[in-house]
Structures are given as C-alpha cells and as structure tokens.
Amino acid sequence: MIDGTGAPPRDNVLLVVENGRIVSLSTATPAAIAALPAGTEVRDASGKWIVPGLIDAHVHAESDADLKQMLRWGVTSVRLMAEDVAAAEKLASESRVRADVPEVFPATPIFTAKGGWWDQGEPPDRGLDRTPPTPDAARASVRKAKELGSSEIKLMLDDMGWCRDPKPRLPRMDHLVAAALLSEAKKLGLRASVHAPNLADTREAVADGATALAHGVLAPIDAATIAVMKQRHVFYVPTMDIFEFLAATRAFVDRV
Numbered sequence: 004m005i006d007g008t009g010a011p012p013r014d015n016v017l018l019v020v021e022n023g024r025i026v027s028l029s030t031a032t033p034a035a036i037a038a039l040p041a042g043t044e045v046r047d048a049s050g051k052w053i054v055p056g057l058i059d060a061h062v063h064a065e066s067d068a069d070l071k072q073m074l075r076w077g078v079t080s081v082r083l084m085a086e087d088v089a090a091a092e093k094l095a096s097e098s099r100v101r102a103d104v105p106e107v108f109p110a111t112p113i114f115t116a117k118g119g120w121w122d123q124g125e126p127p128d129r130g131l132d133r134t135p136p137t138p139d140a141a142r143a144s145v146r147k148a149k150e151l152g153s154s155e156i157k158l159m160l161d162d163m164g165w166c167r168d169p170k171p172r173l174p175r176m177d178h179l180v181a182a183a184l185l186s187e188a189k190k191l192g193l194r195a196s197v198h199a200p201n202l203a204d205t206r207e208a209v210a211d212g213a214t215a216l217a218h219g220v221l222a223p224i225d226a227a228t229i230a231v232m233k234q235r236h237v238f239y240v241p242t243m244d245i246f247e248f249l250a251a252t253r254a255f256v257d258r259v
C-alpha cells in the first residue's frame, strides 16, 4: 500500500473502510482480521496495489467512455481542458454525483488565435468568443466565462513551429490579447493555464500572470523564470505520458 505521504510502501496491510471512509490501517494478522465486527466484508487484495486516487492535471476527454477509462486507471480527479464553458461546467457538476467517472475540474474555454492551434476544427464555445481579436474583446470573453461558471481559463501561446517546420506556422495569439486575457482573469479571481511549449512563450506567459503551465516546456527553463514561478506559485504540469496518436509528433502533424 502507498499512502501518499511519501512514506515507503507497506505490505501485509489491513485497511478498514466504513461508510466510504478509511477508518484504520494496521498489519493484517489473523487476530486483527478475526477482531473485525460481525458482518464485515473481507476482500483479499493479495498481489494488488492500494494507492490514493491519482490526479491528472491535463486531460482532453472527448467522450463519457474516456472519463470512465481514466477511473479504471485509478484517476479520480481530472483537470479538463475544454472549449465550451457551459457544457464543461455541466459535466463537472454531474461528475460530483457519479461513481463511474473522476471528479472533473474544467479549464475553459481554450482561447487561441483565429486559425491558430486549437482552432483547427475544435468546436467553438456557444456562449463566447474563443478567438477574441482585440484586448477589449478578450476581457469581455473572460467576464462571460466567469458568468457561465468558469473558475479557470486556458490560453494557447504557440505557432506550432517546433513541430510544423518546414510547414507554414499557425497564427499565434497577439501578445496584447493574451495579456488582456490573463489580467482580466486575475482581476476576476480566475486561474489561467497556458499552453506555451516554447521557452520565449513560457517567459511571456509567466510574466503576464499565468497561474499554470499546461504541460511541458521544450527547453530548460532559465533560473530567473523559475524564481518568478516559485514566487508567484505558478504550477508546472509535466507531460508524464502521451496518447499513441501523438507519440510520433511529425506524423500527427502530417495527418492534421
């Protein structure tokens, strides 16, 4: 058993659950098992692991089946990157009363440039503009996102040159628009997760007020930027695994 405290794994554990809560942990001796209250259901988990629920801080779930699969993997909480605020908030609310999917915490909507990464056929948000052309439009979209229930937004700061070259790069969000999105989110008390795999974009995102980097950065982050991240408590979400269709990035880009 791994208890999540950083302590070494323990074996031969008797874990007692009552009304959905862990009430005790001890060594699984015959005497301890015999002392359990009458009617206790005893399950032998020999050869298996007991671990805390896992948290995946960056998912794109395209169906109910995706979420159910995540729970089968032991993921009990997910931070869902999605386009439609109202739809994602509805899914999050439903997840809190369902036992077959993880609890969902959305980062919505996904803001990008018109024709940029994540404007390539992904659905729009029905209630606001995901590709605001000006800082004023950006601020209005963030206000609308909060009105619809969002507690976190996401920005795409990437022209995809790192995996498209020599193909044409995609439009990248204007700096003033990105800064307006981040400043309005901060003003309204919303978190702001930023997709910025290039180091220059990472520095810009952190300087302008990102609260999280959505996934890995392609080059080592310099000490000054790391210092700012620590000071401002900016989360770094590493890419711990990747779907098979993205494992060969170049082949993926060729297809889409």
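Residue numbers (the numbering used here): 4 to 259. Built from N, CA and C at the ideal position, the CB exists for glycine as well.
In the assembly as shown, F255 is an exposed residue. Its beta-carbon has fewer than 16 other beta-carbons within 10 Å. DSSP lists M159 as the beta-bridge partner residues of H198.
T32 is classed as exposed because its beta carbon has fewer than 16 other beta carbons within 10 Å across all chains shown. Under the 10 Å beta carbon count, T8 is surrounded by fewer than 16 other beta carbons and is classified as exposed.
Note: A210 is not bridge-paired with any residue in the DSSP secondary-structure output.
Closest in alpha carbon position to V259, among G56, K170, A195, H61, is K170. Here G119 is buried, its C-beta having at least 16 other C-beta atoms within 10 Å. At a Cβ-Cβ threshold of 8 angstroms, M4 and I36 do not count as neighbours. Its chain contains no residue whose beta carbon lies nearer than 6 angstroms to that of P223 once the 5 sequence neighbours on both sides are disregarded.
For M84, the beta-bridge partners assigned by DSSP are A110. In this structure, the beta-carbon distance from R82 to H61 falls below 8 angstroms.
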